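Asks:
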Amino acid sequence: LVRWRDQDEGILRLVVPGTEGKFAFRLLDPSVLSRAIFDGVHASILMSGTLFPAEMYADLLGISAGRRVLRTYASPFPRENRLLLVSPNVTTLFVKRGREMHDAIAREIGGISSVVPGNVAAFFPSYELLEEAHRRLRGIRLPKKILVERPEWSKTQKDGALEALRLARAESGGALLLGVQGGSLSEGVDYQDNLLAAVIVVGLPLSPPSVEGEALRDYYARKFGFAKGYDYAVVYPAVNRLMQAAGRAIRSERDRAAIVLLEGRILEPRYARCLPPDFAPSRSEMPASEASRFLSPPASLTAEPSPRMR
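Count the sequence shown with our numbering and you get residues 69 to 378, in order.
(1) Can you give the Cα-Cα distance for Pro350 and His170, rounded to whole angstroms?
(2) Kindly indicate the opening and closing residues of the alpha helix (DSSP H) around Phe294.
(3) Comparing alpha-carbon positions, which option in Cys342, Ser222, Leu263 and Leu245 lies nearest Ala238?
(4) What does a CB cutoff of less than 6 Å around Arg309 pick up in its chain, not counting 5 residues either side in sequence?
(5) So, for Leu210: in the same chain, excluding its five sequence neighbours on each side, which residues have a beta-carbon less than 8 Å away from its beta-carbon?
(6) Tell me whether the segment 276 to 292 and the segment 219 to 234 touch, counting them as touching only if at least three CB pairs, one residue from each stretch, are closer than 8 Å.
(7) Look at the alpha carbon of Arg378 and the alpha carbon of Leu119, and state the distance between them as a whole number of angstroms.
(8) State buried or exposed for Ala356, treating a residue as buried only when at least 16 other CB atoms are found within 10 Å of its CB.
(9) My parser needs the beta strand (DSSP E) runs of 3 or more residues fully inside the segment 186 to 256; what are they?
(10) Quick check: what's the CA-CA separation for Phe145 versus Gly207?
(11) Only counting the same chain, and skipping five residues up and downstream in sequence, which positions put a Cβ closer than 7 Å to that of Ile318?
(12) Could you tell me the alpha carbon to alpha carbon distance between Lys223 and Gly134, rounded to whole angstroms?
(13) Whose CA, out of Leu101, Val109 and Ala174, lies closest to the CA of Leu160?
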């Protein structure tokens, strides 16, 4: 409280909304702490399999341009094992949300889940949008059991969801898992042994308006310029959550899966330019059909043997 009025650079002070007598400090600029650490070492190596772009993280950590060498590498996994599609016909843009759009999202998820052999996971920007889809999917006669992530789930319950996926794949042709982007099931879980045949990423998880979000965007705009400030505070964090969710499908060089983005905004230059070079989805009006063809076994493996072979 003594330092409440101090104007420390990169720190936000706020009264917590909806509470009485609570306040918080938020660190807007990690370089306030990290710059001194990097300035004090001879060299450091920072690596990530998903965080992009490297320039942004170097800027945010306060690593000066003269001391950094940035490298970005393509995925070592075979490209032919991944089908990457984007549906232009659906979006979670707030002004377009309504019964028809929620119906369209549920139809796309239901269509893909019905034709994909194996487990399918669909990740949403929020639990609210997840519930809109779940309510509609319950009215569709899906061939798969539906598993729904809950915000109060413990680690044991999350592990139980993975076990349910394994059992469903072995016994009934797979299940449909509904989860949220930015949650542990879309970021902190390793779906080993090709546990997911397809991942559907619904929408773009842009953070809703808030005091903290506005402060972060304004601070980055002052420090890095308006364009970079908006990208660093708003666009790239959302794209990285999308990338994390999409990355649940393929976890090894042997995995094969379809990834479908249900968000037309991804095709807009404003967002498309923020995707990594090796993550370029193809526009698809019929993602369910394309996913079915991609994941179906070759005809030579399913054809009846000839009389000589019997």
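Glycine residues also receive a C-beta, built at the ideal position from the N, C-alpha and C atoms.
All values reported here derive from a predicted model rather than from experimental measurement.
Replies: Let me spell this out:
(1) The residue given as residue 350 occupies position 282 in the sequence shown. The residue given as residue 170 occupies position 102 in the sequence shown. Sequence check: residue 350 is Ser here, not Pro. Taking the straight line joining both Cα atoms gives about 23 Å.
(2) By 1-based counting over the sequence shown, the position of residue 294 is 226. Residues Phe294 to Tyr298.
(3) Start at 1 with the first residue of the sequence shown, and residue 238 comes out as number 170. Cα-wise, what sits closest to Ala238 is Leu263.
(4) On the sequence shown, position 241 is the one that residue 309 refers to. Around Arg309: Gln249, Gly250 and Pro273.
(5) Your numbering for residue 210 matches position 142 in the sequence shown. Answer for Leu210: Gly178, Ser181, Ser182 and Leu244, listed in chain order.
(6) no
(7) Counting from 1 along the sequence shown, the entry for residue 378 is found at position 310. Counting from 1 along the sequence shown, the entry for residue 119 is found at position 51. Residue confidence for Arg378 is low, a pLDDT of 40 falling below 50, so the modelled location carries little weight and cannot support an answer.
(8) As a first step, residue 356 is located in the sequence shown; it is residue number 288 there, counting from the start. With 16 or more Cβ atoms within 10 Å of its Cβ, Ala356 is classed as buried.
(9) 188 to 192, 213 to 216 and 243 to 248
(10) Walking along the sequence shown from the start, residue 145 turns up at place 77. Walking along the sequence shown from the start, residue 207 turns up at place 139. Rounded to whole angstroms, Phe145 to Gly207 spans 38 Å at the Cα level.
(11) Against the sequence shown, residue 318 aligns to sequence position 250. Here the set comprises Phe145, Asn149, Arg150 and Ala325.
(12) As a working note, residue 223 is residue 155 in the sequence shown. As a working note, residue 134 is residue 66 in the sequence shown. Taking the straight line joining both Cα atoms gives about 43 Å.
(13) As a first step, residue 160 is located in the sequence shown; it is residue number 92 there, counting from the start. In the sequence on display, residue 160 carries Thr and not Leu. Per the Cα distances, Ala174.
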